[in-house]
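Each remark here refers to the structure printed beneath this line.
2 protein chains.
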Amino acid sequence: MSTSVDLGSQLVTHAARLVRAVRRRHDLPAGVRVLSLLDELGDLGVTALARADRCSQPTMSATVRDLADDGWVVKHPDPADARATVVALTPAGRAELGRVRRRSGEAVAARLAETTHTVEDLATAVAVLRDLLDHSDPEGSHL
Amino acid sequence: MSTSVDLGSQLVTHAARLVRAVRRRHDLPAGVRVLSLLDELGDLGVTALARADRCSQPTMSATVRDLADDGWVVKHPDPADARATVVALTPAGRAELGRVRRRSGEAVAARLAETTHTVEDLATAVAVLRDLLDHSDPEGSHL
DNA sequence: TGGATTTACATAGGCACCCTATGTATCTTG
DNA sequence: CAAGATACATAGGGTGCCTATGTAAATCCA
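Chains as they are written, first to last, in the numbering used here: chain A, 609 to 751; chain B, 609 to 751.
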């Protein structure tokens, strides 16, 4: 039988393959995850976005800069802290997020229909991934 | 409520974050997936490996070359086809696979224990991912 | 059987993504 | 107010992955 350790390593392996497969077929830039975060969590600073997306702060700085260049987010100064910037979705960014979500989401949904799995199974998979990544205390995650 | 399209796009987003999170903490090179394939499927050629890992043939050529440089696989000529090479795990490769599987697998397992999810949920997540990627007919995948 | 096509793999060139190290400006605190 | 912490940017570099293309061998077929 499969232990949870085996399953854990398979989860990572398959997740990597899924991401690449989707990226190949449907042009899924990394910045979309940031648009998604802003949509879910509201306006945030660069460092908070980096923590939420689990990347380094410089990586998020560059991603936000590119998103701003594309007009999908705007950066305004934080009135309460002159060091910080507040990143916010633009209408164009929200529209782009919708487009990309539809593209990748429909691909997965279509493929799911060809398997024996239910939508509930998909929801379970999403919940497992989210909760694995979710960290109540910032330093508590082992991932 | 969540539609299967929403869930599909969330699956991709979270999968991407998981892969990056694990790579950051546990040095998980892409070649490990190839070791894993060889372990599961036995000796294979470069093109077959590329299809199984869902990457381009040149990408797999480079990955296999690097794995061979590290001594984790060997390439012998295919006796039945002079164009082809057969890639096979070495004992060192099998050991490395075990090490990496333990590292990433234990991280996921430990993190899972801090959530409300069961091992069955994790198994469901893995099965969903695998079946989404599984393609009976080679051109049938929409991912 | 011999030329055209297909197939297996390698090489070249390049882009996307992400990291660490470091610098600068601004808070916060003793 | 000096010292440390924090927010963000820049510099430089590595991995992962792609398309385009080349070479050699296998297959197909007139």
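Beta carbons are placed, not taken as given, at the ideal position from N, Cα and C, and that holds for glycine.
#1: I'd like the span of the alpha helix (DSSP H) that includes B:His634, first residue to last.
#2: Does the distance from the CB of B:Leu619 to the CB of A:Ala733 come in under 9 Å?
#3: May I ask you to verify whether the region 673-689 of chain B touches the region 615-631 of chain B, counting CB pairs closer than 8 Å and requiring at least 3?
#4: For B:Thr621 and A:Arg659, what's the separation of their Cα atoms in angstroms?
#5: Note down the Cα distance separating B:Asp651 from B:Leu697, rounded to an integer number of angstroms.
#6: When the cut-off is 9 Å and only beta carbons count, does B:Asp661 lie next to chain A?
#7: In the DSSP assignment, the alpha helix (DSSP H) including B:Ala638 goes from what residue to what residue?
#8: Kindly say whether B:Leu675, judged by its beta-carbon, lies nearer than 9 Å to any beta-carbon of chain A.
#9: Name the chain B residues whose beta carbon is nearer than 7 Å to that of A:Asp729?
#10: For the region 641-662 of chain B, which residues have a beta carbon sitting closer than 7 Å to at least one beta carbon of chain A?
#11: Could you check what DSSP says for B:Ala690 in three-state terms: helix, strand or coil?
#12: With a floor of 4 residues, list each alpha helix (DSSP H) that falls wholly inside the region 654-735 of chain A, ordered by position along the chain.
Reading it off the structure:
#1: On the second sequence, residue 634 of chain B is found 26 positions in, with the first residue counted as 1. Judged by DSSP secondary structure, B:His634 falls within the alpha helix (DSSP H) whose first and last residues are 612-634.
#2: Position 11 of the second sequence, counted from the first residue, corresponds to residue 619 of chain B. Position 125 of the first sequence, counted from the first residue, corresponds to residue 733 of chain A. The answer is yes: Cβ separation under 9 Å.
#3: Touching, no.
#4: Locating residue 621 of chain B in the second sequence gives position 13, where the first residue counts as 1. Locating residue 659 of chain A in the first sequence gives position 51, where the first residue counts as 1. Cα-Cα distance, rounded: 15 Å.
#5: In the second sequence, counting from the first residue as 1, residue 651 of chain B sits at position 43. In the second sequence, counting from the first residue as 1, residue 697 of chain B sits at position 89. For B:Asp651 and B:Leu697, the distance between alpha carbons rounds to 7 Å.
#6: Locating residue 661 of chain B in the second sequence gives position 53, counting from the first residue. With a threshold of 9 Å between beta carbons, B:Asp661 makes contact with chain A.
#7: Counted from its first residue, the second sequence places residue 638 of chain B at position 30. Here B:Ala638 belongs to no alpha helix (DSSP H), and DSSP marks it neither H nor E.
#8: Within the second sequence, residue 675 of chain B is the residue found at index 67, counting from 1. Judged by the 9 Å Cβ criterion, B:Leu675 is not in contact with chain A.
#9: Looking up residue 729 of chain A in the first sequence gives position 121. Residues of chain B passing the Cβ test: Thr732, Val736.
#10: Cβ contacts with chain A come from Arg641, Ser644, Asp661, Arg662.
#11: Translated into the one-based positions of the second sequence, residue 690 of chain B becomes position 82. Three-state result, B:Ala690: strand.
#12: Look at the region 654-735 of chain A and you find these whole runs of alpha helix (DSSP H), each 4 residues long or longer: 654-661, 665-677, 699-721.
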